[in-house]
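Residue numbers (our numbering): 7 to 102. Glycine included, each C-beta is placed from N, C-alpha and C at the ideal position. For clarity, every value in this text was computed on a predicted model and none was experimentally measured.
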Amino acid sequence: MVQAGNIGVQSVQQFFSGLIIAGSPLEPAVAELTAAFVCSHLGLSTEPRPDHAQYIGSWLKVLKADKRAIFTAASKAQQAADFMIQQSDRTAKVAA
Numbered sequence: 007m008v009q010a011g012n013i014g015v016q017s018v019q020q021f022f023s024g025l026i027i028a029g030s031p032l033e034p035a036v037a038e039l040t041a042a043f044v045c046s047h048l049g050l051s052t053e054p055r056p057d058h059a060q061y062i063g064s065w066l067k068v069l070k071a072d073k074r075a076i077f078t079a080a081s082k083a084q085q086a087a088d089f090m091i092q093q094s095d096r097t098a099k100v101a102a
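Dropping the structure here:
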């Protein structure tokens, strides 16, 4: 529940529990893509880190096993980013 412009913990937990399964091979990809979408929305630039190549390399196993995995991860990440941006916009309106 959103109360007084704040994101309710239960609301966030319910949203994300339906979005991804903890421990899923797609979970890291969804998290990284969500961060990228939110940073883009906010106009923030991110700097690649040396360990990104190794981290992304771990996704290759999933992508080789499931040709649609990147689409699934991107879709779930967009849903998560939209949710966070929407909640942020609500909080900003209440604070104004």
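Limits of the unbroken alpha helix (DSSP H) element including residue i
i	result
K67	58–71
E38	33–48
Local conformation of residue i per DSSP, three classes
i	result
N12	In this prediction, N12 scores a pLDDT of 49, lower than 50, which makes its location untrustworthy; the coordinate-derived value is nonetheless stated afterwards. Three-state DSSP puts N12 in a strand.
R96	helix
T52	coil
S30	coil
Same chain only: Cβ atoms within 6 Å of residue i, ignoring 5 sequence neighbours per side
i	result
W65	A35
Proximal residues to residue i (C-beta, below 8 Å), its chain only, five neighbours per side dropped
i	result
V68	P31, L32, A35, A75
M90	T40, V44
### Message
Under 8 Å: do the segment 79–88 and the segment 34–53 share three or more Cβ pairs, one atom per stretch?
### Response
Touching, yes, given that three or more Cβ pairs across the two stretches are closer than 8 Å.
### Task
Taking 8 Å as the threshold, find out whether the segment 81–93 comes into contact with the segment 44–51 through three or more Cβ pairs.
Touching, yes, given that three or more Cβ pairs across the two stretches are closer than 8 Å.
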